[in-house]
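A.B. asks: Have a look at this one before I ask anything.
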Amino acid sequence: MLTFLNHFINGISLGSIYAIIALGYTMVYGIAKMLNFAHGDVIMVGAYVCFFAVSTYNLPPIVGVLLAIVICTLLGVIIEGLAYKPLRQATSLAVLITAIGVSYFLQNAAQLLWTSNPKIFPNMFGGASIKLFGGELIIPVGTLVTIAACIVIMIGLTLFTNMTKMGKAMRACSEDKGAAQLMGINVNRTISVTFAIGAALAAIAGVLLCSAYPSLVPTTGSMPGIKAFTAAVFGGIGSIPGALLGGILLGIIEIFAGAYISTQLSNAIVFLVLILVLLIKPTGLLGKQIREKV
Amino acid sequence: MLKVNNINVYYGSIHAIKDVSFEVHPGEIVTLIGANGAGKSTILQTVSGLLRSKGGSIEFLDSDLSSVPAHKIVAEGLAHVPEGRRIFLQMTVEDNLIMGAYTRPNSEINESIANVYKHFPRLKERRKQIAGTLSGGEQQMLAMGRAMMSKPKLLMLDEPSMGLSPILVQEIFDIIKELHESGTTILLVEQNAQMALSVADRAYVLESGKIVLTGTGAELIESDEIKKAYLGG
Ligand SMILES: Nc1ncnc2c1ncn2[C@@H]1O[C@H](COP(=O)(O)OP(=O)(O)OP(=O)(O)O)[C@@H](O)[C@H]1O
Ligand SMILES: [Mg+2]
Chain A
2 MLTFLNHFIN GISLGSIYAI IALGYTMVYG IAKMLNFAHG DVIMVGAYVC FFAVSTYNLP
62 PIVGVLLAIV ICTLLGVIIE GLAYKPLRQA TSLAVLITAI GVSYFLQNAA QLLWTSNPKI
122 FPNMFGGASI KLFGGELIIP VGTLVTIAAC IVIMIGLTLF TNMTKMGKAM RACSEDKGAA
182 QLMGINVNRT ISVTFAIGAA LAAIAGVLLC SAYPSLVPTT GSMPGIKAFT AAVFGGIGSI
242 PGALLGGILL GIIEIFAGAY ISTQLSNAIV FLVLILVLLI KPTGLLGKQI REKV
Chain B
4 MLKVNNINVY YGSIHAIKDV SFEVHPGEIV TLIGANGAGK STILQTVSGL LRSKGGSIEF
64 LDSDLSSVPA HKIVAEGLAH VPEGRRIFLQ MTVEDNLIMG AYTRPNSEIN ESIANVYKHF
124 PRLKERRKQI AGTLSGGEQQ MLAMGRAMMS KPKLLMLDEP SMGLSPILVQ EIFDIIKELH
184 ESGTTILLVE QNAQMALSVA DRAYVLESGK IVLTGTGAEL IESDEIKKAY LGG
C-alpha cells in the first residue's frame, strides 16, 4: 500500500513537470497554431543556466532559477522573432520543419558550448525530505515543491487568461487574428508574449526536471518535450486545464507502467494510451469544438 | 470623412478591386451594394487594414490609412463589423464587448458597456453566456455592440442582415438608424439592396470589382437597372 502511494506521488510529481511543459506547447499552439518543437530544448537551456549559476558560480538556487527564467524568456522571444515570425504566412509544414531545425540548432549549440558529458545537476532543495508513517514513506521536498509549483502556475495562468486584458487578448487572438486586429490588438506582440510565457515555464520545468533526474546533457529536453506534447494532445491541445489533466495522467501512467508492468515498455504504454484516447475522442480529453452559427 | 482613391486589391493573381474610389461624408449613411463576389467585403477589409491596396490612398479624417497597421486603425475612430460577425465564440458576451474597447481607457469601459446594453437589452440578459451559444441574431447584435465599444466615428457594417429573419432584419436596421441618429457615420455593405437603399443617403453599386453606378438612395431605388438586377423587378 505504501509503495503504491509512493508511486502515486511520484507519478503526480512527474506529471506536474509534464503539465508545466505542456502548458507552453498548448498556449503557443493555441495562438500561433504551430507546434514549437524547440520547446523541449528551451527546457534544457534553462537547466544549464541554473546548473552554471548554482554549481559554477555558487549562487543561491533561487537566483539560479530566476536567471534561468530570464534567459529562457529572452530566448523564447528571440526564437519566435527570428525563426517563426517571418513565416507567419507560410504553410504549417514549413513552420514545423523550421521548429525542428531550431530544436537541432539548440541541441548542437549546447553540445558545442557545454559538451555532451553529463553534468550532475545540483540538488536545489538540499536533499530535505518529509517522513510519514513512522519513516516508512519518505517524500523528498523537491517532489512537493514540484507539485506546488504546478498548482501555483496553473492557478496563475487561469487567472491571467480569464481576468486580465492581455490574457483575454490572447484568447481573442487564438480564436480569430483578423477580428482581434479589428479590436486594436497587436497580434504580433501578443504572440511574442505567449512565447515568453511558454519559455519561462520551460525554464521552471527544466530546473524541476533536473532536480528529480539530475543527469544533464544537451538532449535532456527532447524526450520530456515529446511526452509533454503528448500530454497536451491527450488533454486537448489549446486547453489549459487539458494540459494539466493530460500531464498528470501521463506522469501517473508512466510511473505505474514502469513499476508494475515493465520499465522498458513504460514509454510504449504511454503512447498506446494516447492513441486509444485519440481514437475515442479525437479532440483530446478536454478539447472543445464550438461550431459557428450561420 | 473617408476618402478612398483608386484602390486596387489582388488575391494572388486575381484582381478583385479595380480602381475603386468613393467617399463618405460626416453624418451620412452610405451603402455599397453588389452581387456575390462583387468585392464589397474586400473593400471594407482594405479600409480597415486587413488587406492592402496596390497604390491609391485611403484618407480618413486627414490621415492616410493605407500604410497604418490594422491594429492601429480602430483607435483612429473607424470600426468594422466583419462579414460573418466573427465574434469570439469561446468568450462570454461581456468579454467580447471588453475586447471591443481594447484601445480605450479602462475607466470608460463600464459606461460603454451600459450604452451597448441600452441598445441591445438582450445582450444584457446574456452577458455571462458564451458567445458561441447565442442565436444568429444575438451574435449579430454582439458583433455590432462590440464595434460600438470603440466609440467609432465611422462604423462599417458588412451584411448585418445576413441569415436573419425579416423581423430581426428590421430590428437590426432600426438600430443602425438609432446609431446614425446618435451621431455615428455609417458605411453599410448589403446584398439586401432594398433595405440598404431605403436607409442610405447615398449608394455605390459594385460589379466585378468596379463601381458602375452611384447616386442617392432614393434615386437608385427607382432606377430601372437596379430594379432589374437587385430588387427582383
Ligand atoms: N481569400 C481570397 N482568396 C482569393 N480570392 C478571394 C478571396 N476572398 C475573396 N476573393 C475573391 O474576390 C472577389 C470579391 O470577394 P468579396 O468577398 O469581396 O465579395 P463580396 O462582394 O463581399 O461578396 P458576398 O456578397 O458574397 O460577400 C470574389 O471573386 C472572391 O472570389
Ligand atoms: Mg462579402
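So the sequence lines, in the order shown, correspond to chains A and B.
Using the working numbering, the letters of the first sequence map in sequence onto residues 2 to 295.
Using the working numbering, the letters of the second sequence map in sequence onto residues 4 to 236.
Every residue gets a Cβ at the ideal spot worked out from N, C-alpha and C, and that includes glycine.
Rounded to whole angstroms, what's the CA-CA distance from residue 117(A) to residue 149(B)? Just pull it up for me.
C.D. replies: Rounded to whole angstroms, the separation of the alpha carbons of residue 149(B) and residue 117(A) is 55 Å.
A.B. asks: Starting from residue 119(B), trace the alpha helix (DSSP H) in both directions and tell me its first and last residue.
C.D. replies: Residues 112–122.
A.B. asks: Contact criterion: CB-CB distance below 8 Å. Does residue 13(B) meet it with respect to chain A?
C.D. replies: no
A.B. asks: Which residue from 95(A), 144(A), 204(A) and 202(A) puts its Cα closest to that of residue 11(A)?
C.D. replies: 144(A)
A.B. asks: By the three-class DSSP mapping on this structure, what secondary structure does residue 291(A) have?
C.D. replies: Here residue 291(A) scores only 46 on pLDDT, less than 50, and its place in the model should not be relied on; the value that follows carries that caveat. Residue 291(A) sits in coil when the DSSP states are folded into three classes, being neither helix nor strand.
A.B. asks: Looking at residue 122(B) and residue 183(A), is the spacing between their C-beta atoms short of 8 Å?
C.D. replies: no
A.B. asks: Could you tell me whether any Cβ in chain A is nearer than 8 Å to the Cβ of residue 148(B)?
C.D. replies: It does not; no Cβ of chain A falls within 8 Å.
A.B. asks: Would residue 293(A) pass as an interface residue toward chain B - the criterion being a Cβ-Cβ separation below 8 Å?
C.D. replies: Per-residue confidence for residue 293(A) stands at a pLDDT of 41, beneath the threshold of 50, marking its modelled position as unreliable; the derived number appears in the next sentence. At least one chain B Cβ lies under 8 Å of residue 293(A).
A.B. asks: Which residue wins for smallest C-alpha separation from residue 202(B), given the options 36(B), 26(B) and 8(B)?
C.D. replies: 36(B)
A.B. asks: Measuring CB atoms only, is the region 33–48 of chain A touching the region 65–73 of chain A, in the sense that at least three cross pairs come out at less than 8 Å?
C.D. replies: yes
A.B. asks: Using a Cβ-Cβ cut-off of 8 Å (strictly less than) and excluding sequence neighbours within five positions of residue 162(A), which residues of its own chain qualify?
C.D. replies: Cβ neighbours of residue 162(A) within its own chain (closer than 8 Å, five residues either side excluded): 168, 169, 171, 172 and 241.
A.B. asks: Inspect the CB distances between the region 69–84 of chain B and the region 134–152 of chain B and report whether three or more fall short of 8 Å.
C.D. replies: Yes: the two stretches touch, three or more of their Cβ pairs being nearer than 8 Å.
A.B. asks: Would you tell me roughly how many angstroms separate the C-alpha atoms of residue 293(A) and residue 90(B), rounded to the nearest one?
C.D. replies: For residue 293(A), the predicted model reports a pLDDT of 41, less than 50, meaning its position is unreliable; a value from the coordinates is still stated below. In a straight line, the C-alpha of residue 293(A) is about 10 Å away from that of residue 90(B).
A.B. asks: Suppose contacts are defined by Cβ-Cβ distances below 8 Å. Is residue 247(A) in contact with residue 257(A) by that definition?
C.D. replies: no
A.B. asks: Can you name the residues of chain A whose CB is closer than 8 Å to the CB of residue 63(B)?
C.D. replies: The premise fails here: residue 63(B) is roughly 15 Å from chain A at the closest Cβ pair, so nothing lies under 8 Å.
A.B. asks: Cβ of residue 33(A) within 8 Å of Cβ of residue 107(A)?
C.D. replies: Between residue 33(A) and residue 107(A), the gap from beta carbon to beta carbon reaches 8 Å or more.
A.B. asks: What do you reckon, is the C-beta of residue 128(B) under 7 Å from a heavy atom of ligand 2?
C.D. replies: no
A.B. asks: Check the Cβ-Cβ distances between residue 238(A) and every residue of chain B, and say whether any is below 8 Å.
C.D. replies: Under the 8 Å criterion on CB atoms, residue 238(A) is classed as non-interfacial with respect to chain B.
A.B. asks: Are the beta-carbon atoms of residue 178(B) and residue 160(B) separated by less than 8 Å?
C.D. replies: no
A.B. asks: Would you say residue 125(A) and residue 216(A) are within 8 Å of each other, going by their C-beta atoms?
C.D. replies: For the 8 Å CB-CB criterion, residue 125(A) and residue 216(A) do not form a contact.
A.B. asks: Assuming residue 12(B) contacts residue 214(B) (C-beta within less than 8 Å), just tell me the rounded distance between them.
C.D. replies: So it is not a contact: roughly 14 Å between Cβ atoms.
A.B. asks: Does residue 188(A) get closer than 8 Å to chain B when you measure Cβ to Cβ?
C.D. replies: yes
A.B. asks: Among residues of its own chain, excluding the 5 on either side of residue 14(B), which ones have a beta-carbon nearer than 6 Å to its beta-carbon?
C.D. replies: none
A.B. asks: Across which residues does DSSP place residue 5(B) in a beta bridge pair?
C.D. replies: Paired residue(s): 27(B) and 63(B).
A.B. asks: At least one CB of chain B closer than 8 Å to the CB of residue 287(A): is that the case?
C.D. replies: no
A.B. asks: Helix, strand or coil for residue 154(B), going by three-state DSSP, please let me know.
C.D. replies: Three-state result, residue 154(B): coil.
A.B. asks: Residue 195(B): which of 153(B), 25(B), 216(B) and 39(B) sits nearest, CA to CA?
C.D. replies: 39(B)
A.B. asks: Report yes or no: is there a C-beta of chain A within less than 8 Å of the C-beta of residue 85(B)?
C.D. replies: For residue 85(B), the answer is yes, since a Cβ of chain A falls inside 8 Å of its Cβ.
A.B. asks: Comparing the CB of residue 43(B) with every heavy atom of ligand 2, is any distance shorter than 7 Å?
C.D. replies: Answer for residue 43(B): yes, Cβ within range of ligand 2.
A.B. asks: Does the beta-carbon distance from residue 142(A) to residue 131(A) come in below 8 Å?
C.D. replies: Their beta carbons are under 8 Å apart, which means residue 142(A) touches residue 131(A) by this criterion.
A.B. asks: Reducing DSSP to helix, strand and coil, say where residue 138(A) ends up.
C.D. replies: strand
A.B. asks: For the alpha helix (DSSP H) that contains residue 111(A), what are its first and last residues?
C.D. replies: Run containing residue 111(A): 93–115, per the alpha helix (DSSP H) assignment.
A.B. asks: Could you name the residues of chain B that residue 81(A) contacts, counting a contact when the two beta carbons are closer than 7 Å?
C.D. replies: Annotation: residue 81(A) has no Cβ neighbours in chain B at a cutoff of 7 Å; minimum Cβ distance is about 18 Å.
A.B. asks: If I follow the unbroken alpha helix (DSSP H) through residue 243(A), where does it start and stop?
C.D. replies: It spans 241–257 - the alpha helix (DSSP H) in which residue 243(A) sits, taken as one unbroken run.
A.B. asks: Using CA atoms only, rank isn't needed, just tell me which of 191(A), 238(A) and 160(A) is closest to residue 174(A).
C.D. replies: That would be 191(A), whose Cα lies nearest to the Cα of residue 174(A).
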